[in-house]
Amino acid sequence: MLKGINDSTSDARALIKLMEGIPAKINLIPFNPWPGSPYECSEKNQIEEFAKIVLKAGYPSPVRTPRGDDILAACGQLKSASVKERNKKSKYNERLQEIPSS
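Right under this line is the structure:
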């Protein structure tokens, strides 16, 4: 759930309309921010309001409990760190290739 992106009551109603006639369980996953992330996690009360609307329409909508977010090890946070490290190594390798061999 991204604050101001997909967490409004109108977003919940749009999701219900999109899912009409399709049996489903909709997991609501709070966003796990990382340093430099352009997004923020939705407020807890906003997520709960979203969940109530979706549940009232007949879709079970459990809110996932983040784990590991206190040490930047939650879903999405580890990938962010590994991508940064991979990009750093890639840039280093590019610079090495630019050095003329003797």
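Just so you know, we're using our numbering here: the sequence shown kicks off at 17 and counts up by one. All residues carry an ideal CB built from backbone N, CA and C; glycine is no exception.
Using the C-alpha atoms, what's the distance from residue j back to residue i?
i	j	result
Leu-44	Gly-52	23 Å
Leu-31	Lys-60	19 Å
Ala-36	Pro-49	For clarity, residue 36 is Glu in the given sequence; the question names Ala instead. Each residue's Cα considered, the two are about 31 Å apart.
Lys-19	Phe-47	9 Å
Glu-64	Pro-116	59 Å
Val-70	Ala-28	6 Å
Gln-62	Ala-73	17 Å
Ser-24	Thr-81	20 Å
Closer than 7 Å by C-beta to residue i: which residues in its own chain qualify, once you throw out the five before and the five after it? Chain order, please.
i	result
Pro-54	none
Ala-67	Leu-44, Ser-77 and Val-79
Ile-38	none
I'd like to confirm the pairing. Which residues does DSSP put opposite residue i in its beta bridges?
i	result
Leu-44	Val-79
Leu-31	Beta-bridge pairing links Leu-31 to no other residue.
Leu-18	Cys-57
Excluding the 5 residues preceding and the 5 following residue i in the sequence, name in chain order all residues of the same chain whose CB lies nearer than 8 Å to its CB.
i	result
Tyr-75	Ile-32, Met-35, Ala-40, Lys-41 and Ile-42
Gln-113	none
Cys-57	Met-17, Leu-18, Lys-19, Pro-46, Phe-47, Asn-48 and Pro-49
Ile-21	Tyr-55
Residues in the same chain with beta-carbon distance under 6 Å from residue i, minus the five sequence neighbours each way, listed in chain order, please.
i	result
Ala-97	Note on Ala-97: pLDDT 49, under 50, position unreliable in the model; no value is reported.
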